[in-house]
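Asker: Numbering (this note's numbering), first residue to last: 2 to 741.
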DNA sequence: TGTAGTATCTTTTTT
DNA sequence: AGATACTACA
């Protein structure tokens with residue numbers, strides 16, 4: 002193969018290699034061996050990956066031997082589409098491209114028996130997992146503290162991502178809390194297995210375990226995936242890393258692409274060391290740096306760079322661009338979140354009226370999903386089309402989850418979660434008590450609830466009425482499963498089944514607007530299933546359920562029409578827009594700070610997130626913050642984000658709005674946030690040396706106690722718990738606090 | 001068992 | 001403020 006490659010290296014007439022810069026081309030041509038591509042924002046990362054895959058196919062690598070792992074299904078789909086423009090579309094279809102989770106789920110489905118699952122295993126989402134943990138927690142009397150099911154789930158998830166089994170986790174746990182979590186983890190894991198179910202993390206861990214325990218199976222997949230390419234490598238976690246190592250250890254043809262400056266999933270177990278240590282793992286690896294940015298203006302790029310410089314740990318690289326200088330980044334101060342939304346929408350309108358941009362060119366990024374509401378309201382008032390990417394997804398709605406639970410039960414009747422969810426939805430007279438008896442019986446015998454229904458006459462303490470209902474339910478389910486197995490008219494069977502479930506007539510009887518919305522959603526779902534089954538041959542309900550359980554919010558929405566896009570900064574990764582608004586730039590919100598853990602690492606991750614946000618923009622960036630924001634129903638005085646100070650002022654145009662609502666335009670101030678003048682009518686706090694625990698007096702709120710202090714100088718703020726109104730976040734600069 | 005009324009908590013970010 | 005979880009009652 003070496004001979005072929007050296008021949009082709011000199012052959013620059015290959016159309017796949019045209020339109021690539023030198024570094025990009027080198028990265029594409031480095032076909033064999035481990036390759037690390039350090040690709041800055043907007044440097045053509047996707048382009049290199051797609052061209053590399055196309056090139057591999059072009060030089061005769063069978064497409065089915067190529068594995069491309071991405072972060073979202075959407076990214077995989079985009080990649081496939083682009084490849085199909087470069088090579089035979091039929092060939093591009095045979096590539097294995099998808100997320101870690103979806104590809105591994107596919108593998109596990111084939112090999113499930115080896116690790117003690119059957120191939121119809123259910124995939125539990127986060128909600129399911131948390132519900133299970135809640136139920137387990139009921140058996141532990143010590144659930145009164147701050148240790149919520151969500152927290153425990155998170156701890157377990159992190160453990161799994163580090164490939165710690167419950168036993169290993171127990172061994173490494175030093176605190177009493179960890180030991181308790183270890184017990185719960187064990188119980189949780191046993192429960193999942195009993196249900197023939199895996200959570201998201203299991204898809205990764207079980208793949209690792211499968212390959213570790215069965216060398217011959219690993220060997221099979223090593224032979225299948227002789228060329229492996231990984232996108233967003235900086236966001237892989239330890240299990241993912243380990244499986245990549247397993248798969249690539251034979252042929253060693255692995256190309257990873259990433260940018261350490263865009264690593265934003267540390268909280269979910271992503272380990273930035275994976276990219277930093279790639280060279281250690283593969284000493285013979287080749288490294289390519291893509292440093293030319295094709296996306297943004299010079300101004301945007303420099304501004305982003307000036308911020309990310311505040312992070313200590315970084316791979317050395319400097320991005321540059323031949324693009325125009327572009328306009329300054331504009332910063333707006335707003336009175337509160339309503340005004341922030343109005344101002345953003347007003348600006349959007351004038352941008353579009355100006356004729357240079359359309360609504361579809363514009364995106365609004367926020368730190369938390371909850372912030373979308375005000376912007377939605379403001380946009381709706383102005384009749385501007387918009388789409389919220391993410392948020393409460395269709396598949397998370399109650400009625401949709403109910404229908405899906407009914408369907409999951411057909412595929413895997415041992416899926417307790419599904420059964421518990423719908424056994425009394427619509428109400429059948431199976432209440433808590435009856436269910437508890439069932440669950441007890443099942444638990445004692447280590448069988449599923451559905452199996453318990455088969456022995457229903459043996460279960461004591463059940464009411465006759467309940468027994469009748471449960472028998473009917475079981476028979477009905479079995480009948481439907483039989484019908485489904487006939488493999489004809491699957492879609493009809495499903496429709497009939499859901500109709501018989503009584504869900505539809507329940508909502509019809511309720512008859513409120515809300516109920517009709519829900520009916521509409523059920524209808525949409527059933528139509529979607531029908532489409533899926535008729536569109537794809539040889540697929541069944543199982544395939545549909547697997548597909549949607551791994552679908553992400555970003556994947557569902559077709560981001561192409563003339564709508565303003567609203568999304569979290571996390572969802573924004575990998576996308577680009579001509580105009581970007583980043584809103585809510587306030588201390589505590591962005592960077593988001595929670596009371597206890599605000600390590601330096603956390604702040605650096607927030608800063609990378611800000612960097613990701615800015616670098617999504619092609620032409621123009623707007624940044625906004627509010628002075629007052631409602632949090633948990635009451636007012637909180639906000640401090641401008643420290644990130645605003647970190648951006649080099651050369652690149653900023655700051656609009657400061659005074660209390661009298663006259664707008665002052667300030668061009669390139671020495672320090673944009675040194676503007677105390679607006680607030681001079683307020684007395685400065687006299688004694689600035691507040692300490693945690695100090696008792697203070699506020700003119701409106703009265704007596705309170707200082708619970709938390711942060712920031713300094715003009716940005717100093719305190720969290721004070723007042724006797725009258727509870728906790729308030731105050732800027733010391735404005736709040737007239739007196740120590741008492 | 002189901003429901004109405006009350007208490008409590010929420011705001012990260014996602015496969 | 002709004003959703004969800006829990007409690008007391010029919």
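Note that CB positions come from ideal geometry on N, CA and C, so glycine has one too.
1. Quick check: what's the CA-CA separation for residue 271 versus residue 156?
2. If you reduce the DSSP assignment to three classes, tell me which class residue 641 lands in.
3. Provide the residue(s) that pair with residue 123 in DSSP beta bridges, ordered along the chain.
4. Cα-Cα, which of 348, 476, 439 and 344 is closest to residue 464?
5. Should residue 403 be listed as close to the ligand ADP, given that the test is whether its C-beta is under 8 Å from any heavy atom?
6. If we call anything under 9 Å between Cβ atoms a contact, is residue 233 one with residue 206?
7. Kindly indicate which three-state DSSP category residue 383 falls into: helix, strand or coil?
8. Drop a sphere of 10 angstroms on the beta-carbon of residue 41, count the other beta-carbons inside from all chains shown, and report buried for 16 or more, exposed for fewer.
9. Spatial neighbours of residue 492 within its chain, please: C-beta separation below 8 Å, excluding the five flanking residues on both sides.
10. Could you please give me the residues that DSSP links to residue 97 through a beta bridge?
11. Going by the CB atoms, is the gap between residue 316 and residue 282 shorter than 9 Å?
12. Looking only at its chain, what residues have a beta carbon closer than 6 Å to the beta carbon of residue 182, apart from the 5 residues adjacent to it on each side?
13. Let me confirm a value: residue 693 is counted as buried when at least 16 other C-beta atoms fall within 10 Å, else exposed. Which label applies?
14. Counting along the chain, where does the alpha helix (DSSP H) carrying residue 273 start and finish?
15. Assign residue 430 to buried or exposed, taking buried as 16 or more other Cβ atoms, counted over all protein chains shown, within 10 Å of its Cβ.
16. Are the CB atoms of residue 46 and residue 291 within a distance shorter than 9 Å?
17. Looking at residue 106: is its Cβ nearer than 9 Å to the Cβ of residue 204?
18. Whole beta strand (DSSP E) runs in the stretch 530-582 with 3 or more residues, listed along the chain?
19. Taking DSSP as the reference, what is the three-state secondary structure of residue 152?
20. Identify, in the order they occur along the chain, each residue of the same chain with its Cβ nearer than 8 Å to the Cβ of residue 671, setting aside the five sequence neighbours on each side.
21. So, residue 590 versus residue 625, is the Cβ gap smaller than 9 Å?
22. Is it the case that the Cβ atoms of residue 18 and residue 228 are separated by a distance below 9 Å?
23. Using beta-carbon positions only, say whether residue 623 and residue 581 come within less than 9 Å of one another.
24. With DSSP collapsed to three states, give me the class of residue 398.
25. Roughly how many whole angstroms lie between the Cα atoms of residue 602 and residue 345?
26. Judging by CA-CA distance, which residue of 552, 295, 608 and 81 is the nearest neighbour of residue 326?
27. Alpha carbons only, please: which of 22, 417 and 364 is nearest the one belonging to residue 577?
28. Should residue 525 go down as buried or exposed, given a rule of 16 or more other Cβ atoms within 10 Å for buried?
29. Output yes or no for whether 9 Å exceeds the beta carbon distance between residue 608 and residue 309.
30. From residue 360 to residue 212, what distance separates their C-alpha atoms?
31. Beta-carbon within less than 8 Å of residue 508's beta-carbon, same chain only, minus the 5 sequence neighbours each way: which residues are those?
32. Are residue 126 and residue 572 closer than 9 Å when you measure CB to CB?
33. Give the secondary structure of residue 256 by DSSP, where H, G and I count as helix, E and B as strand, and everything else as coil.
34. For residue 288, write down the residues that DSSP places opposite it in a beta bridge.
35. Check whether the Cβ atoms of residue 83 and residue 48 sit closer than 9 Å, and answer yes or no.
36. On the premise that residue 376 lies in contact with residue 567, defined as a C-beta separation below 8 Å, what is that separation, rounded to the nearest angstrom?
Answerer: The relevant details are as follows:
1. 14 Å
2. strand
3. 198
4. 439
5. The model on display carries no ligand, and the ligand ADP is accordingly not part of it.
6. no
7. coil
8. buried
9. 530, 531, 534 and 535
10. 68
11. no
12. 153 and 156
13. exposed
14. That residue, residue 273, is in no alpha helix (DSSP H); it is neither H nor E in DSSP.
15. exposed
16. yes
17. yes
18. 565-569
19. helix
20. Because residue 671 sits at a pLDDT of 32, beneath the cut-off of 50, its placement in the model cannot be relied upon, and the following sentence gives the value as read from the coordinates. Excluding sequence neighbours, residue 671 sits near 650.
21. no
22. no
23. yes
24. coil
25. 31 Å
26. 295
27. 364
28. exposed
29. yes
30. 49 Å
31. 400, 516, 517, 519, 520 and 523
32. no
33. strand
34. 37
35. yes
36. 6 Å
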